Amino acid sequence: MRVEDALLQLQVTVKRASKTVYQVIHSARANATHNHGLDPDRLLVAEAFVGKGYFKKRVNYHAKGKCGIKERPECRLTVVVREMTPEEEAEVARLRVSNFRKLTKRERRLVPHKLIETTPIWNRKGRAAGQVDNALV
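Numbering (this note's numbering), first residue to last: 984 to 1120.
So, in structure tokens, the structure goes:
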């Protein structure tokens, strides 16, 4: 997946880890462009994996003068990015064009919905809000 697409997808994802993953991918893109001179528009997420991190150890006090060790586990997120080859870039461009064509065909088949202005305002009694019942008047 392209780095730009991954960042866009993470911006709209409602998950707790999405912010952290977004920051890591953004940092990987910045490191690749600044340290290695790669083109940021041609970067792909080659792999992303989670590894074991450092375990913070704290004292946990128990009853009767005893104590134990409380461990707070952490993890390490690693993201590897690489630059697209020209063949992969051509394949991505071809897929984008074909998906755009499919999208426009699908949109042509859709039935146009009523405009908001033409639909009556909802009323609890089942008639439009502007209509008056003749039996009550």
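Glycine included, each C-beta is placed from N, C-alpha and C at the ideal position. These numbers come from a predicted model, not from an experiment.
Using DSSP with H/G/I as helix, E/B as strand and the rest coil, what is residue i?
| i | result |
| --- | --- |
| L1098 | Below a pLDDT of 50, predicted positions are generally treated as unreliable, and L1098, at 45, falls in that range; no measurement from the model is reported. |
| E1066 | strand |
| L1026 | strand |
| R1012 | helix |
| V1075 | helix |
| K1085 | helix |
| V997 | coil |
| K1002 | helix |
| L1021 | coil |
Does residue i come within less than 8 Å of chain B when only Cβ atoms are used?
| i | result |
| --- | --- |
| T1068 | Considering every chain present, this structure includes no chain B. It has just one protein chain. |
In the DSSP output, what is residue i paired with across the bridge?
| i | result |
| --- | --- |
| A1031 | V1062 |
| N1043 | G1051 |
| R985 | L1027 |
Since residue i and residue j should fall inside the 8 Å C-beta cutoff, what is the C-beta to C-beta distance between them, to a whole number of angstroms?
| i | j | result |
| --- | --- | --- |
| V1064 | V995 | That belief does not hold up - the Cβ atoms of V1064 and V995 are roughly 21 Å apart, past 8 Å. |
| R1025 | E1072 | 7 Å |
Anyone know if the C-beta pair for residue i and residue j falls short of 8 Å?
| i | j | result |
| --- | --- | --- |
| V1042 | C1050 | yes |
| P1056 | F1032 | no |
| Y1005 | L1021 | no |
| G1034 | R999 | no |
| M984 | V1028 | yes |
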